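Below is one structure, written out as structure tokens, with a few remarks after it.
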Amino acid sequence: MSLQCPYCQSRDTVLLKSPQYLPVKSNASSIQNSAMSPLALATLGISVSKSLNIPPIAGAIVGVLIGGIWMLITDDEVQQTTTPSYVRHYYCNDCDRDFSPSLRN
Ligand SMILES: [Zn+2]
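With our numbering applied, the sequence shown closes on residue 107, and no number is skipped along the way.
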């Protein structure tokens with residue numbers, strides 16, 4: 003089944019499927035994520051603060067901040083993997099233009 007061209011209204015269109023395979027991410031990042039979680043870093047910060055003779059709350063805050071930033075960075079990477087694995091494209095033989103079905107009204 004062909005789609006009507008949005009530019010010249012021709013029905014002489016062909017469907018092009020361009021596969022865009024994304025690199026498969028391993029689960030290693032989620033393991034790193036749990037090791038770099040705010041709670042784990044806060045605990046680490048408290049123990050470091052105690053050995054350095056500074057208030058433990060200061061180390062905890064630094065740990066939570068670093069862990070929060072780290073989680074923001076890793077969250078962005080996860081969102082990128084949710085993009086569509088392929089893009090549907092139509093090509094018009096009359097006006098030599100390609101378009102996606104989403105342009106259709
Ligand atoms: Zn056309």
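For glycine and all other residues, C-beta sits at the position ideal for the given N, C-alpha and C. Values in this document were obtained by computation on a predicted structure and should not be read as measured data.
Closer than 7 Å by C-beta to Asn107: which residues in its own chain qualify, once you throw out the five before and the five after it? Chain order, please.
-> Note that Asn107 scores 47 on pLDDT, short of 50, meaning its location in the model is unreliable and no value can be drawn from it.
So which of Cys97, Val66, Phe101 has the shortest CA-CA distance to Arg90?
-> Phe101
From Ser87 to Leu18, what distance separates their C-alpha atoms?
-> With a pLDDT of only 48 at Ser87, under 50, the local geometry of the prediction cannot be trusted, and no value is derived from it.
Excluding the five sequence neighbours on either side, which residues of its own chain have a C-beta within less than 6 Å of the C-beta of Thr15, listed in chain order?
-> Ser4, Leu5, Cys7, Tyr92, Cys94
How close, in whole Å, do the beta carbons of Gly70 and Ala42 come, if the pair is a contact with beta carbons under 8 Å?
-> Not confirmed; about 12 Å, so no contact.
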